[in-house]
Amino acid sequence: MVTSPHVLASEAGREVLRAGGNAIEAAIAIGAVLSVTYPHFTGLGGDAFMVISDREGHVHTLSGIGQAAAKTSGYTGAIPVRGPGAALTTGASVAVWDKAYSLSKGAWGGKQNWSSLFSRAIEYAANGFPVTPSQQFWQTLRAGELASWEGFARVFMPHGRIPQAGEQFVQRELARSLERIATHGGREFYEGELAERVAAGLKQAGSPLTLDDLARTTAREEVPLRVGYRGGELLGLRPPTQGVTTLEIMGILDRFDLASIPENSADYYHVLVEAVKLAFLDRDRYVADPDFVDVPVEQMLSAQTLDAHARRIRMGHAMPWPHTFKHGDTVYIGAADEQGNSVSMLQTVYFDWGSGVVAGDTGILWHNRGASFSLDPKSPNVLRGGKRPFHTLNPGMYLKAGRPHLLYGTQGADGQPQTLAAVLTRLIDYDMDPLSALGRPRFLLGKTFSDSRDSLKLEEDAGARVFDELAARSHEMSPIPAQSQLAGHPGAIRIGADGHMTGAHDPRSDGRALGL
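Position 349 of the sequence shown, counted from 1, bears residue number 341 in our numbering, the numbering being contiguous throughout.
Structure representation (structure tokens):
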């Protein structure tokens, strides 16, 4: 089974599984297609992460975080969120695909040719695909701030206007770049002729990145973080991602008997939101690149810390909430094969449309993850040459009896841990099927691109009574439409003890889960 936010990508993954491919190979094919068909949220010039489990429940993670340029002088005041100054970290998505493919061949006996995994992506880039409503929405929203950046209008406004939903959209330059990767391997993106063209294009645009910076980009294989939940184990990525944050939220919630609290009640949302606040305070205090600062993950996930946080939650009153908003858009990919292997994956260009900079004639849109660095020398996430930035992405996996039971992830930056808390509690505590869990009302605490207040955004179909009761507890409430784009695009696959799979992708997205 596979799930992704675009049906063409899901179909590409299913084709790989039907041809005898494994979950890693399917995930790579899905990721490649999404780099073409969901360009506003992901692409070759971004980052990626995988949580991988074999049939025996042996789990490890791949962390693909592009590092800052070796030379990062000249930044004052604030790092820009668009333009060449924001394109200051390398992209590690292709490095993750490359590393994962090696694992697939070596540990899982993968038989699919590397080049075959890119065939659908190349086809859709060269011949076109129908523009999604999501792409049209996000390009229309950002039209004023993107059109002036290097190469953006030429690639994404080919007729001098924003492509409309349903129109065929062709990216021939990107097709040629994908062909280079398919033919010459993943390191072509970092050390080959394509890397030279990418570096030249970024330099021309004014980015500080160099060919040497690209060549130093790798994906890291790591042991996942773990926290107990309802008799199972939740797994997440290590810093500088906020995987520890999602685990901390869920560890706090494990101290509450949620099954006794009605789902979609004021009590339900209140305890989730308060757990989010406590975990976010720890995140912003500690989480950064552990190569540069000490991140006390064991302390953050210890029973002592989780117990203390749970005791701070008062059911009748909300804690005050000042917080800095972190924006971001991402795609979730889940894949599970008939042999029992599983992959939970996220890819991103950070903000929708990333930096807005296209690298020369490659058709590759570059991300702006470097904008998440701080220029405050006291911040653990202060900008340094070669440092990896704090990362919001955190795909995960839930083990039951030592075997994968749930694969899950979402887009949404700050909203990711919040969305996952809602999805996981509904899947585990309330035993909902994936489609039902993903379709229920969700919340987003803090500022957004359209609302500068540190308020609690809640989808209006939660009901007037819930809004009134939360407001009475001192939550500053902001209703948002049902099925809002602000509420994330999660995906989930549930694997039963007998191997039976059920999955879904969020109805707010353009995606679908597909079985064989």
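Quick reminder that beta carbons are idealized off the backbone N, C-alpha and C, glycines included.
Fair warning: this is a prediction, and the values are worked out from it, not measured in the lab.
Close-in-space but distant-in-sequence residues of the same chain around residue i (CB under 8 Å, 5 per side omitted)
| i | result |
| --- | --- |
| alanine 413 | Thr238, Ile241, Met242, Leu245, Leu264, Ala267, Val268 |
| threonine 124 | His(-2), Thr29, Tyr30, Ala157, Asp502 |
| proline 314 | Asp446 |
| aspartate 329 | Leu9, Gly13, Asn14, Ala15, Ala18 |
| isoleucine 114 | Ala167, Leu170, Glu171, Ala174 |
Beta-bridge partners of residue i, as assigned by DSSP
| i | result |
| --- | --- |
| glutamine 160 | Pro122 |
| isoleucine 16 | BP columns for isoleucine 16 are empty, so no partner. |
| arginine 504 | Ser(-4) |
Length of the line joining the Cα atoms of residue i and residue j
| i | j | result |
| --- | --- | --- |
| tyrosine 116 | arginine 504 | 18 Å |
| serine 252 | arginine 457 | 19 Å |
| isoleucine 71 | asparagine 373 | 13 Å |
| arginine 303 | leucine 506 | 42 Å |
| glutamate 171 | leucine 54 | 24 Å |
| glycine 480 | leucine 448 | 15 Å |
| glycine 224 | arginine 134 | 42 Å |
| alanine 211 | serine 428 | 35 Å |
| isoleucine 154 | alanine 363 | 26 Å |
| proline 282 | valine 289 | 10 Å |
| proline 254 | glycine 495 | 24 Å |
| serine 334 | arginine 6 | 14 Å |
| histidine 309 | glutamate 137 | 40 Å |
| methionine 307 | phenylalanine 33 | 37 Å |
| histidine 511 | histidine 301 | For residue 511 there is no data in the structure shown, the boundaries of the chain being -7 and 508. |
| threonine 297 | leucine 270 | 10 Å |
| alanine 197 | phenylalanine 284 | 29 Å |
| tyrosine 422 | serine 476 | 23 Å |
| glutamine 160 | phenylalanine 121 | 5 Å |
Cβ neighbours of residue i in the same chain (closer than 7 Å, five flanking residues each side left out)
| i | result |
| --- | --- |
| arginine 395 | Gly49 |
DSSP state of residue i mapped onto helix, strand, coil
| i | result |
| --- | --- |
| glutamate 142 | coil |
| glutamine 522 | As displayed, the chain neither begins before -7 nor continues past 508, which places residue 522 out of reach and without an answer. |
| valine 287 | coil |
| arginine 306 | strand |
| tyrosine 400 | strand |
| glycine 431 | helix |
| serine 347 | coil |
| leucine 375 | coil |
| arginine 275 | helix |
| arginine 218 | strand |
| histidine 383 | strand |
| histidine 262 | helix |
| lysine 449 | strand |
| methionine 389 | strand |
| arginine 51 | One point to set straight first is that residue 51 is valine, not arginine, in the sequence displayed. Reduced to three states, the DSSP call for valine 51 is strand. |
Beta-carbon contacts of residue i that lie in its chain and below 6 Å, excluding the five residues immediately before and after
| i | result |
| --- | --- |
| alanine 19 | Ile325, Ala327, Val335, Met337 |
| aspartate 46 | Asn333 |
| aspartate 498 | Leu430, His481, Pro482 |
Is the segment 338 to 350 touching the segment 128 to 147, taking contact as three or more C-beta pairs under 8 Å? yes
Do three or more CB pairs link the segment 361 to 369 to the segment 209 to 220 at distances below 8 Å? no
Could you check whether the segment 99 to 112 touches the segment 6 to 23, counting it as contact only if at least three pairs of C-beta atoms, one from each stretch, sit closer than 8 Å? yes
If contact is defined by three or more beta carbon pairs under 8 Å, each pair taking one atom from either stretch, is the segment 143 to 151 in contact with the segment 50 to 57? no
Evaluate the contact criterion for the segment 274 to 292 versus the segment 377 to 391: three or more CB pairs, one atom per stretch, below 8 Å. yes
Report yes or no: do three or more beta-carbon pairs, one from the segment 176 to 186 and one from the segment 59 to 78, lie closer than 8 Å? no
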